[in-house]
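The numbering used here numbers the first residue of the sequence shown as 17 and each following residue consecutively. Beta carbons: idealized from backbone N, C-alpha and C, even for Gly. All of these numbers come straight from a predicted model, not from anything done at the bench.
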Amino acid sequence: MSVMKIVKERDESIDLLRFIGLSLIILAHVSPPEVLFNLRCFDVPLMLFVSGLTYAGRSVDTSRRFLGHRFMRLIIPVYLFLTVYFILVFLLKIFFL
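Pasting the structure below:
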């Protein structure tokens, strides 16, 4: 039995919206001038909208499989990063303070 894989073309307009949203979120955290700060009031809603566009029409297998996949993809890298980060901070405090 052959399995056909559906390949979707990348939508560059969604990529552009994602870039704009992420840029505005980053800009909000670096204390921008007042004029630019007023533009950032739609950054998080834009990212939520783009996420909805990205995931629209996707099927989710089961909740256990979905959570397992998300755990492996998101939680483990975060904990690995945090472990390395806190070890570095600890070592820097010991040797430089």
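When secondary structure is reduced to three states using DSSP, H45 falls in the coil class, being assigned neither helix nor strand. Assigned with DSSP and collapsed to three states, D27 falls in coil, not helix or strand.
At a Cβ-Cβ threshold of 8 Å, L69 and I30 count as neighbours. The DSSP-derived three-state label of L108 is helix. Fewer than three beta-carbon pairs drawn from the segment 51–63 and the segment 84–101 are found closer than 8 Å, and the two stretches are therefore not classed as touching.
In the DSSP assignment, T70 falls within the alpha helix (DSSP H) that extends over 59–71.
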